[in-house]
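Below: the structure, in structure tokens.
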Amino acid sequence: MQRISGIADMRARVVDWQRAGLRVGFVPTMGNLHGGHLALVDKARALSDRVVVSIFVNPAQFGPNEDYATYPRTGEADCAALDASGVDCVFLPAVDAMYPDGAGPRTRVEVPELNGMLCDVSRPGFFNGVATVVAKLLNIVTPDLAVFGLKDYQQLLVVQRLVRDLNLPVDIIGGPIAREPDGLAMSSRNVYLTADERERAPALYRALCHVASRLERGEPDWPLLVAEGLDRLREAGMQPDYLEIRRADDLAEALTSDHELVIPGAAYLGRARLIDNVRVSLPTPGQRD
Ligand code: PAF
Numbered sequence: 000m001q002r003i004s005g006i007a008d009m010r011a012r013v014v015d016w017q018r019a020g021l022r023v024g025f026v027p028t029m030g031n032l033h034g035g036h037l038a039l040v041d042k043a044r045a046l047s048d049r050v051v052v053s054i055f056v057n058p059a060q061f062g063p064n065e066d067y068a069t070y071p072r073t074g075e076a077d078c079a080a081l082d083a084s085g086v087d088c089v090f091l092p093a094v095d096a097m098y099p100d101g102a103g104p105r106t107r108v109e110v111p112e113l114n115g116m117l118c119d120v121s122r123p124g125f126f127n128g129v130a131t132v133v134a135k136l137l138n139i140v141t142p143d144l145a146v147f148g149l150k151d152y153q154q155l156l157v158v159q160r161l162v163r164d165l166n167l168p169v170d171i172i173g174g175p176i177a178r179e180p181d182g183l184a185m186s187s188r189n190v191y192l193t194a195d196e197r198e199r200a201p202a203l204y205r206a207l208c209h210v211a212s213r214l215e216r217g218e219p220d221w222p223l224l225v226a227e228g229l230d231r232l233r234e235a236g237m238q239p240d241y242l243e244i245r246r247a248d249d250l251a252e253a254l255t256s257d258h259e260l261v262i263p264g265a266a267y268l269g270r271a272r273l274i275d276n277v278r279v280s281l282p283t284p285g286q287r288d
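In terms of numbering that gives the first Met the number 0, the sequence shown opens at residue 0 and continues consecutively.
As structure tokens, then:
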């Protein structure tokens, strides 16, 4: 596996592959890799001839009181795992190379229609930081396709939207949510959970599944379902951030006439903020008959 940190070198590597007719897949990460990232790598490998993974802890997506300084940086272990997963190239840019004039208010990419809701309310500016760095990484790596995890559902929609609006020639693919055996979605920040919190953490996924199965069984009182889901989070000792029923394609508030739904949830547990979601397809009236 090749390691590249220079922007021009990264671009040249991919251009060579593409000139040789090879399809290049890309998985952007902030490192501290776990099974969830490796599932995205597997997906990229299945769909392309060469796979590039970036590791870059992006200062522009952390709020002033967030964990940028202490975010786990596990470069050597990450590179060993990527090598073992058959990744061809890892891109490790320095902060100064990505933001030579500082990560402050320069040109930035914003997807307004997906701001002001869900994760953006408790992490204002987060998606602008993500959208900006993803646009930069896609312009540097110039992959044919890029894989983003479905766990960060709002992030995936932000990236799909910016790629469409900026006419970037890349296919954005949603990669599966990898779960621990008890259902907890894998996340780099799960390392912040104490042993006791780790035992309680799967309650988020269970609450989302509870709401999903009641929706699928035709419960008409959606506010009641949301209240039940939030109660389950509190009973597990979590402080809910949100749990909602949204339209899957644009995260707008869902109406009872919508069929493709997503139930996103986020909750604080000790030092960790957990997020997860469950998709639901309700039968159309024709299918019900
Ligand atoms: O999901 C992440 O790890 C990050 O938000 C991403 C997409 C790598 C951008 O920094």
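We put the beta carbon where it would ideally sit given N, CA and C, even for glycine.
The alpha-carbon separation between Ile176 and Pro27 amounts to approximately 16 angstroms. The Cβ neighbour count for Pro263, taken over all protein chains shown within 10 Å, is at least 16; the residue is labelled buried. Counting only residues of its own chain and dropping the five nearest sequence neighbours on each side, Tyr70 has a CB closer than 6 angstroms to the CB of Val56. In the three-state reduction of the DSSP assignment, Ser47 falls in the coil class, being assigned neither a helical nor a strand state. In the pairwise beta carbon analysis, the stretch 108–125 is classified as not touching the stretch 2–15: fewer than three pairs are separated by under 8 angstroms. The stretch 264–275 makes contact with the stretch 199–207; the number of CB pairs closer than 8 angstroms reaches 3 or more.
Taking C-alpha positions only, Leu183 is separated from Val50 by approximately 27 angstroms. Here Glu243 is buried. Its C-beta has 16 or more other C-beta atoms within 10 Å.
Contact annotation: Val146 and Ala43 have beta-carbon atoms nearer than 9 angstroms. No Cβ-Cβ contact shorter than 9 angstroms links Val261 with Pro142.
If you ignore the 5 residues before and after Tyr267, its C-beta comes within less than 6 angstroms of the C-beta of Gln238, all in its own chain and listed in chain order.
Going by beta carbons, Val40 and Leu81 fall inside the 9 angstroms limit. Straight-line measurement puts the Cα of Gly236 at about 43 angstroms from the Cα of Asn138. In this chain, Ile176 is not harboured by any beta strand (DSSP E), its DSSP state being neither H nor E. Judged by DSSP secondary structure, Arg272 falls outside any alpha helix (DSSP H) and instead within the beta strand (DSSP E) spanning Ala271 to Ser280. Asn127 and Gln60 have their alpha carbons spaced roughly 7 angstroms apart. A check of alpha carbon separations from Asp77 across Ala45, Asn31, Pro282 and Gly101 identifies Asn31 as the nearest. The shortest CA-to-CA distance from Glu179 to any of Gln17, Met9, Gly35 and Phe25 is the one to Gly35. The C-beta separation of Ala265 from Arg231 comes to about 14 angstroms, leaving the pair out of contact by the 8 angstroms criterion.
For Gly217, the three-state secondary structure derived from DSSP is coil. In this structure, Asn276 has its CB at a distance of at least 8 angstroms from all heavy atoms of the ligand PAF. DSSP lists Leu144 as the bridge partner or partners of Asp170.
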